[in-house]
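Here our numbering is used: position 10 in the sequence shown is 256, and no number is missing along the way.
Scroll down for the structure; my scribbles are underneath it.
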Amino acid sequence: MNLLSSRLQDAYTSVFFRNRLFVITTVLTLLFHSALWVLVFLNREVLVQEGKDFITLHYRVFSGTDLVAPWYGIFGILAFAFAVAVGNLAYARNAILTNPALGLILSSGAAVIQLTVIAATYLIIQVNTF
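Next comes the structure, spelled out in structure tokens:
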């Protein structure tokens with residue numbers, strides 16, 4: 247128990263969690279990724295339909311649909327978004343020690359990427375509505 251509390255204390259007092267901007271962008275990234283899962287969960291009836299084996303994952307205005315997959319293919323997008331967020335936040339945590347500005351850019355980038363994936367997922371759901 248003492249080892250766990252000392253590890254939590256070390257995490258709390260680390261350089262990463264002392265800077266308020268890093269904490270805010272990390273929390274925003276986690277909230278945005280949670281919102282992405284909620285978006286997919288709330289629109290599951292659009293993605294999973296009887297008699298519809300595939301959903302459109304990519305649509306171009308000029309050429310139309312160019313990537314289709316089974317309905318669970320959307321989880322690949324969620325997994326990619328999670329991997330990018332974790333990678334950016336892990337690299338930001340390590341970059342803080344040498345270059346705090348780079349760490350802030352990376353952690354902010356993780357939040358922006360999550361917002362971009364939310365917008366893309368919303369558009370995928372809209373394309374599959376029709």
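For glycine and all other residues, C-beta sits at the position ideal for the given N, C-alpha and C.
None of the values given here were measured: they were computed from a predicted structure.
Identity of the residue in the options nearest residue i by Cα
i: residue 275; options: 358, 345, 317; result: 358
i: residue 365; options: 286, 310, 334; result: 286
i: residue 376; options: 305, 350, 348, 268; result: 305
i: residue 279; options: 328, 314, 294; result: 328
i: residue 267; options: 350, 374, 361, 360; result: 350
i: residue 336; options: 322, 314, 354; result: 354
i: residue 374; options: 295, 269, 264; result: 295
i: residue 320; options: 273, 290, 269; result: 290
CB contact flag (residue i, residue j, <8 Å)
i: residue 324; j: residue 282; result: yes
i: residue 288; j: residue 317; result: no
i: residue 347; j: residue 271; result: no
Near the ligand FMN: residue i beta-carbon under 7 Å from a heavy atom
i: residue 297; result: Among the components of this structure there are no ligands whatsoever, and the ligand FMN is therefore not found.
Contacts around residue i, its chain only, beta-carbon distance under 7 Å, and the 5 residues preceding and following it disregarded
i: residue 360; result: 275, 278, 279, 282, 327, 331
i: residue 363; result: 282, 323, 327
i: residue 315; result: 300, 301, 303
i: residue 340; result: none
Spatial neighbours of residue i in its chain, beta-carbon cut-off 6 Å, leaving aside the 5 residues before and after
i: residue 311; result: 302, 305
i: residue 338; result: 349, 352, 353
Sequence-distant residues of its chain with Cβ nearer than 8 Å to residue i (five each side left out)
i: residue 307; result: none
(message) Across the stretch 353 to 373 and the stretch 296 to 313, are there enough close Cβ pairs to call them in contact, namely three or more that are closer than 8 Å?
(response) Yes, since at least three Cβ pairs between the stretch 353 to 373 and the stretch 296 to 313 fall closer than 8 Å, the two stretches touch.
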